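A.B. asks: Have a look at the structure that comes next, please.
In this note's numbering, the protein residues as written are 17 to 460.
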């Protein structure tokens with residue numbers, strides 16, 4: 017009987033249009049599809065998990081939130097097995113280690129429940145110290161249990177207001193932890209957490225951000241995150257897109273990425289069964305001789321969740337050709353990839369508008385969205401099934417220069433992010449669609 021799992025990583029790339037104007041200035045979109053599949057042996061057990069819960073115990077968590085956090089942590093201890101390790105860190109103005117990488121056997125579970133009972137809310141929010149201590153303890157435990165999925169999960173309802181607070185710095189450190197094999201995810205609780213800060217950490221950290229508007233949803237999304245960790249086919253999947261030096265390339269949307277000479281590395285994150293990811297890259301094309309060919313290629317690489325090895329996809333290739341206007345202008349588009357490019361562009365425009373607005377630049381938000389909408393409408397011409405995406409932007413334009421309520425901003429941020437990254441909302445109660453959220457806001 018087989019005792020292993022065979023996992024494959026598949027990569028395909030293609031362009032919305034294969035020709036670009038020889039005089040320069042054309043913008044084209046490369047769409048990369050990354051997918052994993054697996055032939056699972058009948059007796060293979062899921063990978064062990066080494067999980068650190070970094071729980072916000074600042075004063076704003078008092079009441080039902082801290083009670084829900086206790087219930088969630090208790091549910092996690094029951095869901096873990098003796099093969100798994102659990103770390104619990106409580107953080108407010110500083111960080112306290114309550115449980116250090118204990119195996120969840122009977123004794124470990126008893127100690128975990130005792131530690132959870134000590135969670136009390138008070139003080140400010142030093143998210144950096146909480147995440148750092150949790151990550152350090154997971155890194156130390158890796159020496160004894162390398163064959164496991166190593167994860168930090170942040171539970172927080174507030175703004176990072178002590179320690180390191182800049183999203184770029186926090187994202188950098190989360191990326192460094194990911195390079196060592198530690199994935200960071202987060203649960204934003206209520207209406208007051210900073211989705212931009214937690215989003216930056218989780219995107220760079222190879223995990224994902226969950227929204228728990230109500231206290232009872234915390235347990236749902238945390239246990240859902242645990243299930244995804246159990247069933248992941250690949251973790252820490254990275255896409256590299258290689259372009260010539262005379263082509264300027266930029267990633268469209270909420271993908272953490274690093275720009276290298278002649279290439280862009282994109283952190284795709286975790287791949288689940290039947291859950292492919294689409295990454296869109298905008299290409300600014302150069303001028304050149306008619307007929308000049310511009311080669312493009314991509315590679316992808318992912319790690320097995322149990323830490324036992326890696327999987328590479330075969331190199332994928334595409335090509336742009338420079339043509340005169342008479343040939344370039346009437347060329348047919350790849351409809352599927354054009355719609356994918358438009359959807360990513362639209363979601364990115366929503367997130368950027370929210371970011372402008374939440375930063376207090378409401379005039380800038382409206383100016384930016386009005387300009388983007390003009391270009392998006394032009395690109396959408398003759399593309400099928402894009403009217404709802406345009407309608408959402410039109411509705412948002414009406415609100416772009418008004419102060420956005422925190423819950424409204426979070427709904428826009430989360431829905432647009434989940435769409436772009438093909439992520440499922442793990443809450444059991446039906447959530448309003450982006451169109452419904454926008455329609456309600458304009459009627460209020």
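Each residue gets a CB set at the ideal place from its N, CA and C atoms; glycine is no exception.
Note that this is a predicted model, so its numbers are computed, not measured.
Pop quiz: residue 218 and residue 201 are said to be a contact at Cβ under 8 angstroms. What is the actual Cβ separation, rounded to whole angstroms?
C.D. replies: Counted from its first residue, the chain shown places residue 218 at position 202. Counted from its first residue, the chain shown places residue 201 at position 185. For residue 218 against residue 201, the beta-carbon gap comes to about 6 angstroms, under 8 angstroms, which counts as contact.
A.B. asks: Just list the residues that DSSP pairs residue 37 with in beta bridges.
C.D. replies: Locating residue 37 in the chain shown gives position 21, counting from the first residue. Paired residues: 339.
A.B. asks: Pull the bridge partners of residue 312 from the DSSP assignment, please.
C.D. replies: Residue numbering aside, residue 312 sits at position 296 when the chain shown is read from its first letter. Note: residue 312 sits in a beta bridge opposite 334.
A.B. asks: For residue 102 and residue 123, I'd like the C-alpha separation in whole angstroms.
C.D. replies: Numbered from 1 along the chain shown, position 86 holds the residue referred to as residue 102. Numbered from 1 along the chain shown, position 107 holds the residue referred to as residue 123. Distance between the alpha carbons of residue 102 and residue 123: 12 angstroms.
A.B. asks: Here's the rule: buried if 16 or more other CB atoms are within 10 angstroms of the residue's CB, otherwise exposed. What is residue 71?
C.D. replies: The residue given as residue 71 occupies position 55 in the chain shown. When all chains shown are included, residue 71 counts as buried.
A.B. asks: Report the rounded CA-to-CA distance for residue 25 versus residue 297, giving the unit in angstroms.
C.D. replies: Taking the chain shown and counting its residues from 1, the one referred to as residue 25 is at position 9. Taking the chain shown and counting its residues from 1, the one referred to as residue 297 is at position 281. Using only the alpha carbons, I get a separation of about 20 angstroms.
A.B. asks: Rounded to whole angstroms, how far is the Cβ of residue 416 from the Cβ of residue 373, which I believe are closer than 8 angstroms?
C.D. replies: Position 400 of the chain shown holds residue 416. Position 357 of the chain shown holds residue 373. About 6 angstroms; that satisfies the 8 angstroms criterion.
A.B. asks: Alpha carbon to alpha carbon, what distance is there between residue 151 and residue 175?
C.D. replies: On the chain shown, position 159 is the one that residue 175 refers to. On the chain shown, position 135 is the one that residue 151 refers to. Roughly 20 angstroms separates the two Cα atoms.
A.B. asks: On the DSSP letters alone, give me the boundaries of the alpha helix (DSSP H) that residue 306 sits inside.
C.D. replies: What you label residue 306 is simply residue 290 of the chain shown in a count that begins at 1. From DSSP, residue 306 is part of no alpha helix (DSSP H); its letter is neither H nor E.
A.B. asks: Under 6 angstroms Cβ to Cβ from residue 444, same chain only, skipping five residues before and after it: list those, please.
C.D. replies: By one-based count along the chain shown, residue 444 stands at place 428. Answer for residue 444: 236, listed in chain order.
A.B. asks: On the DSSP bridge assignment, give the partners of residue 462 in chain order.
C.D. replies: With the chain covering 17 to 460 only, the question about residue 462 has no answer from this structure.
A.B. asks: If you follow the alpha helix (DSSP H) that residue 93 is part of, which residue opens it and which one closes it?
C.D. replies: To locate residue 93, count along the chain shown from 1; it is residue 77. Unbroken alpha helix (DSSP H) run through residue 93: 80–95.
A.B. asks: Below 8 angstroms between beta carbons: does that hold for residue 93 and residue 117?
C.D. replies: For the purposes of this step, residue 93 is taken as residue 77 along the chain shown, with counting starting at 1. For the purposes of this step, residue 117 is taken as residue 101 along the chain shown, with counting starting at 1. Contact: no.
A.B. asks: Let me make sure I understand the geometry here. Which of 146, 360, 232, 187 has the alpha-carbon closest to that of residue 32?
C.D. replies: Walking along the chain shown from the start, residue 32 turns up at place 16. Closest in alpha carbon position to residue 32, among 146, 360, 232, 187, is 360.
A.B. asks: Taking only the alpha-carbon atoms, compute the straight-line gap between residue 335 and residue 307 and give it to the nearest angstrom.
C.D. replies: One-based indexing of the chain shown puts residue 335 at position 319. One-based indexing of the chain shown puts residue 307 at position 291. If I take the Cα positions, the gap works out to 12 angstroms.
A.B. asks: Report buried or exposed for residue 314, applying the criterion of at least 16 other Cβ atoms within 10 angstroms of its Cβ.
C.D. replies: Mapped onto the chain shown, residue 314 falls at position 298. Looking at its Cβ environment, which holds 16 or more other Cβ atoms inside 10 Å, residue 314 is buried.
A.B. asks: Expressed to the nearest angstrom, what Euclidean distance is found between the alpha-carbon atoms of residue 405 and residue 362?
C.D. replies: Within the chain shown, residue 405 is the residue found at index 389, counting from 1. Within the chain shown, residue 362 is the residue found at index 346, counting from 1. Take the alpha-carbon of residue 405 and the one of residue 362: they are about 7 angstroms apart.
A.B. asks: For the putative contact between residue 135 and residue 85, defined by C-beta atoms under 8 angstroms, what is the C-beta separation to the nearest angstrom?
C.D. replies: By one-based count along the chain shown, residue 135 stands at place 119. By one-based count along the chain shown, residue 85 stands at place 69. Distance from residue 135 to residue 85 at the Cβ level is roughly 6 angstroms; contact confirmed, criterion being Cβ atoms closer than 8 angstroms.
A.B. asks: Residues in its own chain within less than 7 angstroms of residue 87 by CB, not counting five upstream and five downstream?
C.D. replies: Start at 1 with the first residue of the chain shown, and residue 87 comes out as number 71. 235, listed in sequence order.
A.B. asks: Please report the Cβ distance between residue 408 and residue 338, rounded to the nearest whole angstrom; I am assuming they are in contact, meaning their Cβ atoms lie under 8 angstroms.
C.D. replies: Working through the chain shown from its first residue, we reach residue 408 at position 392. Working through the chain shown from its first residue, we reach residue 338 at position 322. 35 angstroms between Cβ atoms; not a contact.
A.B. asks: Check residue 457 in the structure and name its three-state DSSP category.
C.D. replies: Walking along the chain shown from the start, residue 457 turns up at place 441. Helix.
A.B. asks: In whole angstroms, what is the alpha-carbon distance linking residue 265 and residue 377?
C.D. replies: As a working note, residue 265 is residue 249 in the chain shown. As a working note, residue 377 is residue 361 in the chain shown. In a straight line, the C-alpha of residue 265 is about 27 angstroms away from that of residue 377.
A.B. asks: Considering only DSSP beta bridges, list what residue 395 is partnered with.
C.D. replies: Looking up residue 395 in the chain shown gives position 379. The partner list for residue 395 (beta bridge, DSSP) is empty, contrary to what the question assumes.
A.B. asks: Is it buried or exposed for residue 324, if we count other Cβ within 10 angstroms and need 16 for buried?
C.D. replies: Walking along the chain shown from the start, residue 324 turns up at place 308. Looking at its Cβ environment, which holds fewer than 16 other Cβ atoms inside 10 Å, residue 324 is exposed.
A.B. asks: Assuming contact is defined by CB atoms lying nearer than 8 angstroms, are residue 215 and residue 229 in contact in what I supplied?
C.D. replies: Locating residue 215 in the chain shown gives position 199, counting from the first residue. Locating residue 229 in the chain shown gives position 213, counting from the first residue. No, Cβ-Cβ distance for residue 215 and residue 229 is not below 8 angstroms.
A.B. asks: So if DSSP puts residue 55 in a beta bridge, which residue, or which two residues, is it bridged to?
C.D. replies: Your numbering for residue 55 matches position 39 in the chain shown. Per DSSP, 22.
A.B. asks: Considering only residues of the same chain and omitting the five flanking positions on each side of residue 89, which have a CB-CB separation below 8 angstroms?
C.D. replies: Along the chain shown, read from residue 1 onward, the residue named residue 89 stands at position 73. Same-chain partners within the cutoff: 69, 71, 104, 128, 132, 135.
A.B. asks: Could you say which of 51, 83, 369 lies nearest to residue 73 if we only look at CA atoms?
C.D. replies: Position 57 of the chain shown, counting from 1, holds the residue named residue 73. Among 51, 83, 369, the Cα nearest to that of residue 73 is on 83.
A.B. asks: Which of helix, strand or coil does DSSP assign to residue 268?
C.D. replies: If you number the chain shown from 1, residue 268 lands on position 252. It is coil, neither helix nor strand.
A.B. asks: Just checking my contact of residue 188 with residue 66 at CB under 8 angstroms: how many whole Å lie between their CB atoms?
C.D. replies: By 1-based counting over the chain shown, the position of residue 188 is 172. By 1-based counting over the chain shown, the position of residue 66 is 50. 23 angstroms between Cβ atoms; not a contact.
A.B. asks: Go to residue 117, then tell me how far its beta strand (DSSP E) extends in each direction, as first and last residue.
C.D. replies: In the chain shown, counting from the first residue as 1, residue 117 sits at position 101. Taken as a continuous stretch (DSSP letters only), the beta strand (DSSP E) holding residue 117 covers 111–119.
A.B. asks: So is residue 7 buried or exposed if we call it buried at 16+ other beta carbons inside 10 Å?
C.D. replies: Any property of residue 7 remains undetermined from this structure, which presents the chain solely from 17 to 460.
A.B. asks: Buried or exposed, going by whether 16 or more other CB atoms sit within 10 Å of the CB of residue 153?
C.D. replies: Residue numbering aside, residue 153 sits at position 137 when the chain shown is read from its first letter. With 16 or more other Cβ atoms within 10 Å, it is buried.
A.B. asks: What residue ranges within the region 372–438 form continuous alpha helix (DSSP H) runs of no fewer than 4 residues, ordered along the chain?
C.D. replies: 378–396, 403–415, 422–437
A.B. asks: Considering Cα atoms alone, identify which of 36, 358, 446 is closest to residue 346.
C.D. replies: Along the chain shown, one-based indexing puts residue 346 at 330. Taking only the C-alpha atoms, the option nearest residue 346 is 36.
A.B. asks: Would you kindly work out how many angstroms separate the C-alpha atoms of residue 305 and residue 51, rounded to a whole number?
C.D. replies: Position 289 of the chain shown holds residue 305. Position 35 of the chain shown holds residue 51. Cα to Cα, the separation comes out at about 36 angstroms.
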